[in-house]
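The structure under discussion appears below in the form of structure tokens.
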Amino acid sequence: MQAADLVVVAAAVVAGAVNAAAGSGSLVTFPALVAAGLPPVGANMLNTVGLAPGMMLAAWTDRRVLRDIAGLVWLLPIGVLGAVCGAGLLRVAPPDLFHAAVPYLIGGAAFLVAAQPVLVKRLRRTGNGGWLYPCVFAVSVYGGFFSAAQGILLLAVVGLCLDTSVPEQNAIKNVMQGLVSLVAGIFFLVTSAIDWKTALILAAGSAAGTPLGIRLVRHISPNVFRIGVAAFGATAAVVFLFRG
1 MQAADLVVVA
11 AAVVAGAVNA
21 AAGSGSLVTF
31 PALVAAGLPP
41 VGANMLNTVG
51 LAPGMMLAAW
61 TDRRVLRDIA
71 GLVWLLPIGV
81 LGAVCGAGLL
91 RVAPPDLFHA
101 AVPYLIGGAA
111 FLVAAQPVLV
121 KRLRRTGNGG
131 WLYPCVFAVS
141 VYGGFFSAAQ
151 GILLLAVVGL
161 CLDTSVPEQN
171 AIKNVMQGLV
181 SLVAGIFFLV
191 TSAIDWKTAL
201 ILAAGSAAGT
211 PLGIRLVRHI
221 SPNVFRIGVA
231 AFGATAAVVF
241 LFRG
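Each residue of the sequence shown is one higher than the one before, counting from 1 in this note's numbering.
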């Protein structure tokens, strides 16, 4: 195994643990893939494909919580449509434009990770249930285009629009995030040449890290993971910005 593969394995394990504990593991794997030599657009596609199985696994673990949530089924086609739109937008966008936007996408995602508690607290339910579907569609488009911090945006939307418990909000987030990643990943597999070796390394590493994150979160505050991911993302954004 080459050094670049070891970097990807380590990043995938960390991302799996982070996703299980706090979310936004993509902020770890995306910079690692670029550091391993992949172009930004290819790294973004591969990141989506490789981490999708782990996200679907997280959604499956929440299936019992989801049984009592009425109306969730109507969010699924909206998520599929948004994911296809976002993934299609990435495919037609000029690579140079995406490359130039990377520092700001990562920096914005890092800010959302850092601001998550304040954001979710301020956006409590205000009776704006009518905004649920358009907001979920917008977040799904974003997730199909660039998946980092998608879960935080979904939590904010669900907290704003639905009168549900925190476990139910997290379950909805996991389902929609997993669905969007799966659909976008399939889109990229059909329309692009994906490095299967690296995708499998990502998937295996993420799956290995998931139970680690579940165990650690019982003893360590999720805020530790959140702050660590935000700091890593902010650093990566600065590096990408000055690298050009």
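Don't be surprised by glycine CBs; every beta carbon is placed ideally from N, CA and C.
Given the structure is predicted, the values throughout are model-derived calculations rather than measurements.
Taking 6 Å as the limit between beta carbons, can you name the residues of its chain near residue i, skipping five residues before and five after?
i, result
"A83", "S140, G144, V180, V183, A184"
"L119", "A156"
"F137", "I78, G82"
"L90", "F145"
"W131", "C161"
"A52", "S181, L182, G185"
"Q150", "G143, Q177"
"A101", "none"
"C135", "V157"
"S26", "N47, S147, A148"
Using a threshold of 8 Å, state whether the C-beta atoms of residue i and residue j are closer than that.
i, j, result
"V253", "L162", "Beyond the ends of the chain as shown, which are 1 and 244, falls residue 253; an answer cannot be given."
"A236", "I152", "no"
"V41", "G233", "no"
"G159", "V14", "no"
"F187", "A87", "yes"
"S206", "G16", "yes"
"V28", "V238", "no"
"A203", "G54", "yes"
Which whole-angstrom value is the C-beta distance of residue i and residue j, which I expect to be below 8 Å?
i, j, result
"A59", "G213", "Not really, about 15 Å apart at Cβ, beyond 8 Å."
"M297", "G178", "The chain is shown only over 1 to 244; residue 297 falls outside these bounds and no answer can be derived."
"A298", "V8", "The structure shown does not extend to residue 298, since the chain is modelled only from 1 through 244, so no value can be given for it."
"V18", "F225", "5 Å"
"F240", "P95", "Actually they are not in contact, since the Cβ atoms of F240 and P95 sit about 14 Å apart, beyond 8 Å."
"A148", "A109", "4 Å"
"I201", "D5", "6 Å"
In three-state terms, what does DSSP make of residue i?
i, result
"D96", "helix"
"A184", "helix"
"Q2", "coil"
"A193", "coil"
"L241", "helix"
"A35", "helix"
"R218", "coil"
"L205", "Looking at the sequence provided, one finds Gly at residue 205 rather than Leu. In this structure, G205 counts as helix in the three-state DSSP scheme."
"S26", "helix"
"A115", "coil"
If we cut at 8 Å on Cβ distances, does residue i have a partner in chain C?
i, result
"L46", "As a matter of chain content, chain C is missing from the structure shown, which is built from one protein chain."
Below 7 Å CB to CB, which residues in the same chain sit around residue i once its five sequence neighbours on both sides are set aside?
i, result
"A199", "L46, V49, G50"
"L38", "L46"
"Q2", "none"
"L216", "A17, A21"
"T191", "R91"
Using C-beta distances below 8 Å, list every residue in its chain close to residue i, excluding the 5 sequence neighbours before and after it, in chain order.
i, result
"Q169", "L155, V158, G159, L162"
"P211", "A20"
"H99", "P39, P40, V41"
At what residue ranges does the segment 138–182 contain a whole run of the alpha helix (DSSP H), taking only runs of 4 or more? 150–161
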